[in-house]
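**Student:** In this text, residue positions in the sequence shown follow our numbering: the first is 5, and each later residue adds one.
For each residue, glycine too, the CB sits at the ideal point set by N, CA and C.
On a predicted model such as this, the values are computed, not experimentally measured, just so you know.
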Amino acid sequence: SLTWLDVSRNKLKSAKLGTHPQLPNLITLVLSGNQISVLQKNDFSFLSNSSAFRVLILSSLSLKKVENGCFQAISRLSDLVLDWSRLSTQFTTNLCEELAGTALRNLSLKNTFQVTLSDTTFKGLDKTNITVLDLSYNTMSKIADGAFQWLPRLEFLSLEHNSLRHLTKDTFSGLGNLRQLNLQKALIKSHTSSLPIIEDFSFHHLVQLEHLCMANTAFREITEHTFSGLLHLETLDLSWSSTGLKTVTNKTFASLQESPLLETLNFTAMGINKLGPGAFSSLGNLTTLLLGRNFVNQQLRRDEFEGLTSIKELVMFEHKQSISLTNTSFIHVPTLRTLKLGRAVKGTLDIEPSPFRPLVNLTILDLNNNNIANINAGLLKGLYNLKVLKMQHNNLARLWKTANPGGPVLFLKDATKLSALDLDYNGLDEIPLNALRGFFELRELSLRGNLLDQLHASVFDDLQSLKYLHLQKNLITSVLRVTFGVPLSNLTELYMDHNPFDCTCESILWFSEWLNSTNVSVPGFPQRYICNTPNAYFNRSVMDFDP
């Protein structure tokens, strides 16, 4: 009944584990880390009656030779792994010849010291049904044109972590069925070499490709034909890549017009500093555009996102320089549901109408760490579908002060459908009486790291759905039923540690009894719920309060 046998690291000099057929139910055999250098003709004859056998793992071996017919007894083999084995180019070619006629579907040659691929390296695999080939973590610098012509059924190819210098229009010829191509760190620039080159139409053979990952690559340039021919492309990842791209114009990604199914573009940390008019105008089906950690330093007027008629998620967080908004910045993207602008916005948001007014479908808005101090009550006007608002680490304190000229600015009043609200570290020392009025669907409220102490008795009365409340690191001295009775009634988790509690009957008795009897999760209790006053209870846990 044995299905898995691992005899790795046993100093075996041969793969032959027996002279007669045995292990009829074996599926996987692991021979890694032994002293096997030759795969001999009859090595696997002991598995000739193992009809379920599929997986052979030969990692970390110093294989020199493969004999004719060595896989004949295990022709049902579907998965062969040779990772971290030192294989010569000739051995790899011979290995593929011996695999002809097997049921091979997955071949892993990760970190096997493949330096180049010739146009005959994989010739033997033409007589298999291989669909997955992993060539990652080699030192490969050159792939001959036509090297993959023998792999018409291949669906996944990984060339991650190589040192390719040049991709031509025929590098990927023969891969008409490929669905995923991983080129992460496959093209890199060394201190002594020039930038690798990707010729025009290098991907045009990949007519079925759906996912192309080129993260952390370096190549000379993106031209109008770099990505031509990718008729079924759905995702393109160029994050953390160096391509010399500074300004995205309406021609930069013109070749992606041929990719009508493209939904996700990842341009995170590419060194982009400007978005030109109609920069993405040819990408009408795009749903996700990731532009975070770039250097964009401009005012978004209106036409930068023109043509993105299907966009749902736009990420522009952590720009080393900053963007400023106008009331027409997002006029062309009313379909947007997620907008992330953390650490990205400079200038005022005290604009009428609000820059976000066109975003009637928005459900997530992230404005954290922008030093926002001036906004008006109409900031979220029209955002009736907003569910998540993140405004932590700004400077909103003045806006909620009773003494604010004109009174407190109730900028949340149009977003009563919120389920999560984060206002951490804003210097808030007041919450206006009506600031949270009507928030019947709010499930998570985070106000940690502010200066809150005395709160209106009914300020939380509408928070009947609240499950998570974060009030740690404020100046709260008293926790009264009249204020906290409603929000604590249906809570799942409470965070109110590191407050200077006044351990008197008037201030803390109800809360102390609640803490000692509740089933709500209260992380840090009792160790971090400490009395500050009076002296009799100073530095003692609230749990110890006993009037």
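If Asn142 and Asn115 are in contact, beta carbons under 8 Å, what's the gap, nearest whole angstrom?
**Tutor:** Confirmed, Cβ separation roughly 6 Å.
**Student:** Determine the contact status of Thr124 and Thr97, defining contact as a CB-CB distance below 8 Å.
**Tutor:** Yes, Cβ-Cβ distance for Thr124 and Thr97 is below 8 Å.
**Student:** Any chance you could list the beta strand (DSSP E) runs of at least 3 consecutive residues sitting entirely within the region 495–551, in chain order?
**Tutor:** Fully enclosed beta strand (DSSP E) runs of 3 or longer: 497–499 and 535–537.
**Student:** Are Asn298 and Ile276 close, meaning C-beta to C-beta below 8 Å?
**Tutor:** It is a contact, given that the beta carbons lie within the stated cut-off.
**Student:** Do Ile192 and Leu171 have their beta-carbon atoms positioned less than 8 Å apart in this structure?
**Tutor:** No; because the gap between Cβ atoms is not below 8 Å, this pair is not in contact.
**Student:** Quick one: Cα of Pro28 to Cα of Gln153, how far?
**Tutor:** For Pro28 and Gln153, the distance between alpha carbons rounds to 36 Å.
**Student:** The beta strand (DSSP E) spanning Thr239 covers which residue range?
**Tutor:** Note, Thr239: beta strand (DSSP E), Thr239 to Asp241.
**Student:** Taking the beta carbon of Trp404 as the centre, do at least 16 other beta carbons fall within 10 Å, making it buried, or is it exposed?
**Tutor:** Counting Cβ neighbours within 10 Å, Trp404 comes out buried, since at least 16 surround it.
**Student:** Return the Cβ separation of Glu317 and Thr342 in integer angstroms, given the expectation that the two are a contact with Cβ distance under 8 Å.
**Tutor:** With a Cβ gap of about 4 Å, Glu317 and Thr342 count as contacting.
**Student:** How far does the beta strand (DSSP E) with Gln184 in it reach, from first residue to last?
**Tutor:** Counting along the chain, the beta strand (DSSP E) containing Gln184 begins and ends at Gln184 to Asn186.
**Student:** Consult DSSP for Trp8 and reduce its assignment to one of helix, strand or coil.
**Tutor:** The answer is strand: DSSP assigns Trp8 an E or B state.
**Student:** Given a cut-off of 8 Å on the beta-carbon distance, is the pair Trp244 and Ala283 in contact?
**Tutor:** Not closer than 8 Å, so no.
**Student:** List the endpoints of the continuous alpha helix (DSSP H) containing Glu101.
**Tutor:** That run of the alpha helix (DSSP H) goes Thr93 to Leu103.
**Student:** Taking just the CA atoms, how far does Ile78 sit from Ser54?
**Tutor:** Going by the C-alpha atoms only, they are around 8 Å apart.
**Student:** When you compare only the Cα positions, how much space is there between Thr522 and His336?
**Tutor:** Whole-angstrom Cα-Cα distance: 50 Å.
**Student:** Of all the options Ser92, Pro359, Ile147 and Phe309, which has the alpha carbon lying nearest to the alpha carbon of Ser41?
**Tutor:** Nearest option by C-alpha distance: Ser92.
**Student:** By DSSP, does Val300 sit in helix, in strand, or in coil?
**Tutor:** Three-state result, Val300: coil.
**Student:** What did DSSP end up calling Ile78 once you bin it into helix, strand or coil?
**Tutor:** Helix.
**Student:** Where does Leu403 sit, in a helix, a strand or coil, going by DSSP?
**Tutor:** Here Leu403 sits in helix by DSSP.
**Student:** Per the DSSP calculation, His215 is bridged to which residue(s)?
**Tutor:** Beta-bridge pairing links His215 to Gln184 and Thr239.
**Student:** Can you grab the Cα-Cα spacing for the pair Glu238 / Lys344, in whole Å?
**Tutor:** So the two alpha carbons sit approximately 22 Å from each other.
**Student:** For Lys394 and Asp426, which I take to be in contact (beta-carbon distance under 8 Å), what is that distance rounded to the nearest angstrom?
**Tutor:** At roughly 5 Å, the Cβ-Cβ gap stays under 8 Å, so Lys394 and Asp426 are in contact.
**Student:** Taking 8 Å as the limit between beta carbons, can you name the residues of its chain near Gln118, skipping five residues before and five after?
**Tutor:** Same-chain partners within the cutoff: Leu91, Thr93, Thr96, Leu139, Asn142, Thr143 and Met144.
**Student:** Looking at the unbroken alpha helix (DSSP H) that takes in Thr487, where does it start and where does it end?
**Tutor:** First-last of the alpha helix (DSSP H) with Thr487: Arg485 to Phe488.
**Student:** Just how far apart, CA to CA, sit Leu312 and Met547?
**Tutor:** Cα-Cα distance, rounded: 56 Å.
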